[in-house]
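Quick note on numbering: the UniProt record's numbering labels position 30 of the sequence shown as 30, and the sequence is numbered without any gaps.
Note that CB positions come from ideal geometry on N, CA and C, so glycine has one too.
Being a predicted model, the structure only gives us computed values, none of them experimental.
Working notes, structure below.
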Amino acid sequence: MREFENAMLRQVLSVPKLLEEVYPDVEPQVRYVLTTPQIYSVKKVVLTSCGDGYAACLAAKRAFECFLGIPVEVVDPLSLARYCQMKWVGESPCDPLVIAVSNSGRVTRVVEAVTRMREHKALTLAVTSDPESPLGKAAEKVIVPSIPDFERSPGIRTYAVLQMIVYLLAIRMGEVRLGYTMDQANLYRLELKRLPGEFLKDVDGVCGLALEAAKQFRDVSGTEMVGCGADYGTAVYGHEKMYEAAGIPSVSLDSENWFHVNYFVKDVDRTLTMVFASKGNEAQSRTREMIQRMNQMGRALVLVTNDESLQAKYRFLTPLSDTCLFQPMAGHMVPALIAGYLAAMREEPYSRGFQGIWKEEDGMYSTTVSETVLID
Numbered sequence: 001m002r003e004f005e006n007a008m009l010r011q012v013l014s015v016p017k018l019l020e021e022v023y024p025d026v027e028p029q030v031r032y033v034l035t036t037p038q039i040y041s042v043k044k045v046v047l048t049s050c051g052d053g054y055a056a057c058l059a060a061k062r063a064f065e066c067f068l069g070i071p072v073e074v075v076d077p078l079s080l081a082r083y084c085q086m087k088w089v090g091e092s093p094c095d096p097l098v099i100a101v102s103n104s105g106r107v108t109r110v111v112e113a114v115t116r117m118r119e120h121k122a123l124t125l126a127v128t129s130d131p132e133s134p135l136g137k138a139a140e141k142v143i144v145p146s147i148p149d150f151e152r153s154p155g156i157r158t159y160a161v162l163q164m165i166v167y168l169l170a171i172r173m174g175e176v177r178l179g180y181t182m183d184q185a186n187l188y189r190l191e192l193k194r195l196p197g198e199f200l201k202d203v204d205g206v207c208g209l210a211l212e213a214a215k216q217f218r219d220v221s222g223t224e225m226v227g228c229g230a231d232y233g234t235a236v237y238g239h240e241k242m243y244e245a246a247g248i249p250s251v252s253l254d255s256e257n258w259f260h261v262n263y264f265v266k267d268v269d270r271t272l273t274m275v276f277a278s279k280g281n282e283a284q285s286r287t288r289e290m291i292q293r294m295n296q297m298g299r300a301l302v303l304v305t306n307d308e309s310l311q312a313k314y315r316f317l318t319p320l321s322d323t324c325l326f327q328p329m330a331g332h333m334v335p336a337l338i339a340g341y342l343a344a345m346r347e348e349p350y351s352r353g354f355q356g357i358w359k360e361e362d363g364m365y366s367t368t369v370s371e372t373v374l375i376d
């Protein structure tokens, strides 16, 4: 048994097998959920979700842009439901394609956003484990992953599956629109499963380094997660896990904004900095400059990268890949591991145990208990 073993650790270690189990079910759903004419009709893609799903959308955004060559936006559901101008929605068939991600399918704001967009003739596609949920019923199309039950913790298994599905959608649409060959598309699909499994081949080394980093930052008062492009989605996911697992305040930002704002943090010894820096990322030059400056400042950062030329006190090397687009499939495991260890060391119950001021009595407002408002 590993020191400070915890449910989040066990969830992380189960991910490679989980993806192999669910892939044969979800890949055909992705392949056939949209017809060829529908895929060709799409002129814009809008990705929307909250929490982990939002991070998955951010991570996949660049893949949609690269594979489809059309405008792609990640819009939070509150903005989509309440503020988005509808003039450009439904001007032509299947445009835009709105992809909404929610494992439970019961998040009020996501349902509200999809309902509004569908009423204005957008093509709506939900990714949810419950086809009978409000989201499953609100969307025109549904992809339903079947994720086996497991020991509960802040979302890791669900995130990995949802992330894979959103990537699979980007790959399929690019394939149909002749952005690359079928063989290339299949290689991309294999990458989604290969990266997390290969990363955990040295499971003792990965877990040992995560534990070492957590021990140094056991008394951390805040964390910052830095990433650009696809890596920004991983940064957002990491900052969410710090709140959920250990109740630690956290922010997510890109490497340019770090120089403008977080550069000036004073209590560096009690600030956990985690940088996600995939090789080939379009912003890699700025991220490299940031890492060099952090090292000059004596910052004990955690670095998640597949670029061996980058250095940090705690460096996790993810597998090499022909593209940086899918690195989040492996990279997200690192903040999940460290957050799990921090919660175990600090004896902090996940999500504060939903006790005390966090206890949700019947009727209390929450992610699923909220007034639905349709603006137009």
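Does Val-42 come out as helix, strand or coil in the three-state DSSP assignment?
coil
C-alpha gap between Met-290 and Leu-168, whole angstroms
32 angstroms
Throw me the rounded Cβ distance for the Asp-254 and Gly-331 pair, which I believe falls under 8 angstroms.
With 8 angstroms as the limit, Asp-254 and Gly-331 do not qualify as a contact, their Cβ atoms being about 15 angstroms apart.
DSSP three-state assignment for Phe-4, whether helix, strand or coil:
coil
Throw me the rounded Cβ distance for the Glu-224 and Val-268 pair, which I believe falls under 8 angstroms.
Between Val-268 and Glu-224 the Cβ distance is about 10 angstroms, and since that is not below 8 angstroms, they are no contact.
Would the beta-carbon of Gly-174 fall within 8 angstroms of that of Phe-326?
no
Can you tell me whether Met-182 is buried or exposed, with buried defined as 16 or more other CB within 10 angstroms of its CB?
Flag for Met-182 reads exposed.
Provide the residue(s) that pair with Phe-276 in DSSP beta bridges, ordered along the chain.
Val-304
In three-state terms, what does DSSP make of Val-206?
helix
For Ala-185, which residues from the same chain have a beta carbon less than 6 angstroms from its beta carbon, with the 5 sequence-adjacent residues on both sides left out?
Ile-171, Glu-175
Bridge-paired residues (DSSP) for Lys-141:
Leu-125
So, helix, strand or coil for Val-261, using DSSP?
coil
In whole angstroms, give me the CA-to-CA distance for Tyr-243 and Ser-221.
11 angstroms
Here's a check: name, in chain order, each residue in its chain whose Cβ is nearer than 6 angstroms to the Cβ of Ala-100, leaving out the five neighbours to either side.
Thr-48, Val-110, Val-114, Ala-126
Hey, how far is the Cα of Asp-204 from the Cα of Pro-319?
16 angstroms
Cα-Cα separation between Val-275 and Arg-346, rounded to whole angstroms:
When only Cα atoms are considered, Val-275 and Arg-346 end up about 23 angstroms apart.
Start-to-end residues for the beta strand (DSSP E) that takes in Gly-222
Looking at the DSSP string, the run of the beta strand (DSSP E) that includes Gly-222 is 222-226.
Beta-carbon gap between Glu-20 and Lys-193 smaller than 8 angstroms:
In this structure, Glu-20 places its C-beta atom within 8 angstroms of the C-beta atom of Lys-193.
From the DSSP output, in three-state form, read off Tyr-180 for me.
coil
Apply the 10 Å Cβ neighbour rule to Tyr-54 and answer buried if 16 or more other Cβ atoms are within range, or exposed otherwise.
buried
Alpha helix (DSSP H) containing Val-110: first to last residue?
Unbroken alpha helix (DSSP H) run through Val-110: 108-119.
Just list the residues that DSSP pairs residue 379 with in beta bridges.
Since the first residue of the chain shown is 1 and the last is 376, residue 379 is not available in this structure.
Give the secondary structure of Thr-271 by DSSP, where H, G and I count as helix, E and B as strand, and everything else as coil.
strand
Whole-number beta carbon distance between Ala-300 and Gln-216, since they are thought to touch under 8 angstroms:
Contact annotation, Gln-216 with Ala-300: C-beta distance approximately 6 angstroms; criterion of less than 8 angstroms satisfied.
Let me make sure I understand the geometry here. Which of Ala-245, Val-226, Lys-279 has the alpha-carbon closest to that of Glu-256?
Val-226
Runs of alpha helix (DSSP H) lying entirely within the region 46-100, each at least 4 residues, in chain order:
Residue ranges of uninterrupted alpha helix (DSSP H) with 4 or more members, entirely inside the region 46-100 and ordered along the chain, are 51-68, 77-82.
Cβ atoms of Gly-233 and Ala-63: under 8 angstroms apart, would you say?
no
Cβ-Cβ separation, Asn-103 to Thr-124 (assumed contact under 8 angstroms), whole Å
Contact flag wrong, Cβ pair sits at about 17 angstroms.
Indicate the three-state DSSP secondary structure (helix, strand or coil) for Arg-315 in the structure shown.
strand
Within 10 angstroms of its Cβ, does Met-364 collect 16 or more other Cβ (buried), or is it exposed?
exposed
Work out the CA separation of Arg-189 and Tyr-23 for me, nearest whole Å.
10 angstroms
For Val-127, verify whether its CB is less than 7 angstroms away from any heavy atom of the ligand GDP.
In the structure on display, the ligand GDP does not appear, and there are no ligands present to speak of.
Have a look at Glu-198, Ser-351, Val-302 and flag the residue whose alpha-carbon is nearest the alpha-carbon of Leu-211.
Val-302
Among residues of its own chain, excluding the 5 on either side of Gln-38, which ones have a beta-carbon nearer than 7 angstroms to its beta-carbon?
If we look at Gln-38 and ignore the five residues flanking it on each side, its Cβ neighbours are Cys-94, Leu-123.
Hey, could you find the ends of the alpha helix (DSSP H) Leu-325 is sitting in?
No alpha helix (DSSP H) holds Leu-325; DSSP gives it neither H nor E.
What is the residue span of the alpha helix (DSSP H) that Ser-285 lies within?
284-296
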